[in-house]
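A.B. asks: Next up is a structure, given as structure tokens.
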Amino acid sequence: MPKYIELSEDESWAIDLMVRHTYAESGSVIGQGLLLKVMNLILEFEDRRGTPTSPVALPMAVTEEECWALDHQVRCDLTINNKNVGRGLLVKVFRTLTAFANERDATSGVAWLDDLTARLPGNDGGDPRDGHDGSGPSGRPGGGNRLDGSHDSPGDKDDGASPPLPRSK
């Protein structure tokens with residue numbers, strides 16, 4: 002799913018300058034599609050120049066592959082119209098790439114947890130979010146009555162940590 006980056010006119014011209022229409026990533030040419038998007042932004046800036054609705058920035062939908070292309074092609078010291086736009090543009094690209102990665106990690110993390118839950122002994126295949134978390138009869142981790150009839154107490158717990166160090170007087 003694409004994400005959006007707000008680009009100024011100078012940033013749009015920077016992309017037009019740096020990205021070639023033949024740029025390919027992972028075997029597919031993505032430079033041409035990216036440049037068509039940028040051309041549309043530049044034309045929009047031109048059409049609305051000097052009007053009361055003249056924009057400072059416009060949104061552009063980008064894919065993760067296009068963001069990687071921008072990261073590869075744009076230099077941080079790129080200057081357009083005597084303004085350094087490379088660094089600001091790259092920061093926007095970095096934020097977008099991070100959002101793509103976080104989204105991917107969150108999705109794979111949920112799938113991984115669901116897979117682990119399905120492997121738990123005694124799992125009937127039901128939804129782990131249906132109120133039973135498998136943490137014992139009391140519903141809280143390690144708490145409540147044990148299966149052997151005894152109760153938890155603070156002294157019963159062995160968490161594997163070393164005993165406390167003796168205090169000096």
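The working numbering puts the first residue of the sequence shown at 2, with every later residue one more than the last. Backbone N, C-alpha and C fix where the C-beta goes; we use that ideal spot for every residue, glycine too.
1. Decide if LEU37 is buried, meaning its Cβ has at least 16 other Cβ atoms within 10 Å, or exposed.
2. Could you check the C-alpha separation between TRP113 and GLU104 for me, to the nearest Å?
3. Nearest by alpha-carbon distance to ASN82: which of MET2, GLY34 and SER13 is it?
4. Take ILE16 as the anchor and find which of ALA107, VAL57, ALA70 and MET2 has the nearest alpha-carbon.
5. Using C-beta distances below 8 Å, list every residue in its chain close to THR175, excluding the 5 sequence neighbours before and after it, in chain order.
6. Mark CYS77 as exposed unless 16 or more other C-beta atoms lie within 10 angstroms of its C-beta, in which case mark it buried.
7. Terminal residues of the continuous beta strand (DSSP E) containing SER9?
8. Just checking my contact of VAL63 with THR97 at CB under 8 Å: how many whole Å lie between their CB atoms?
9. Between HIS22 and the rest of its own chain, which residues show a CB-CB distance below 7 Å, the 5 nearest in sequence each way excluded?
10. Do you know how far the Cα of ARG168 is from the Cα of ASP115?
11. What residues match up with GLY84 in a beta bridge as DSSP calls it?
12. Indicate whether PHE95 and LYS4 have their beta-carbon atoms separated by less than 9 Å.
13. Taking only the alpha-carbon atoms, compute the straight-line gap between LEU148 and LEU117 and give it to the nearest angstrom.
C.D. replies: The answer reads as follows:
1. Locating residue 37 in the sequence shown gives position 36, where the first residue counts as 1. Its Cβ having fewer than 16 others within 10 Å, LEU37 is exposed.
2. Against the sequence shown, residue 113 aligns to sequence position 112. Against the sequence shown, residue 104 aligns to sequence position 103. Straight-line Cα distance between these residues: approximately 14 Å.
3. Counting from 1 along the sequence shown, the entry for residue 82 is found at position 81. Of the candidates MET2, GLY34 and SER13, the one whose C-alpha sits nearest the C-alpha of ASN82 is SER13.
4. In the sequence shown, counting from the first residue as 1, residue 16 sits at position 15. Nearest of ALA107, VAL57, ALA70 and MET2 to ILE16, Cα basis: ALA70.
5. Absent from the structure is residue 175, since the part of the chain shown begins at 2 and ends at 170.
6. On the sequence shown, position 76 is the one that residue 77 refers to. By the 10 Å Cβ count, CYS77 comes out exposed.
7. Stepping through the sequence shown from its first residue, residue 9 is reached at position 8. First-last of the beta strand (DSSP E) with SER9: 4–9.
8. Translated into positions along the sequence shown, residue 63 becomes position 62. Translated into positions along the sequence shown, residue 97 becomes position 96. So it is a contact: roughly 6 Å between Cβ atoms.
9. Here residue 22 is taken as the residue at index 21 of the sequence shown, counted from 1. For HIS22, where only same-chain residues beyond five positions count, the Cβ hits under 7 Å are GLY32, GLN33 and LEU36.
10. Position 114 of the sequence shown holds residue 115. Position 167 of the sequence shown holds residue 168. About 46 Å.
11. As a first step, residue 84 must be located in the sequence shown, where it is residue number 83. It should be pointed out that residue 84 corresponds to Lys in this sequence rather than to Gly. Paired residue(s): ILE81.
12. The residue you call residue 95 lines up with position 94 of the sequence shown. The residue you call residue 4 lines up with position 3 of the sequence shown. No, Cβ-Cβ distance for PHE95 and LYS4 is not below 9 Å.
13. As a position in the sequence shown, residue 148 is number 147, starting the count at 1. As a position in the sequence shown, residue 117 is number 116, starting the count at 1. Because LEU148 sits at a pLDDT of 48, beneath the cut-off of 50, its placement in the model cannot be relied upon, and the following sentence gives the value as read from the coordinates. Spanning the two alpha carbons is a distance of roughly 24 Å.
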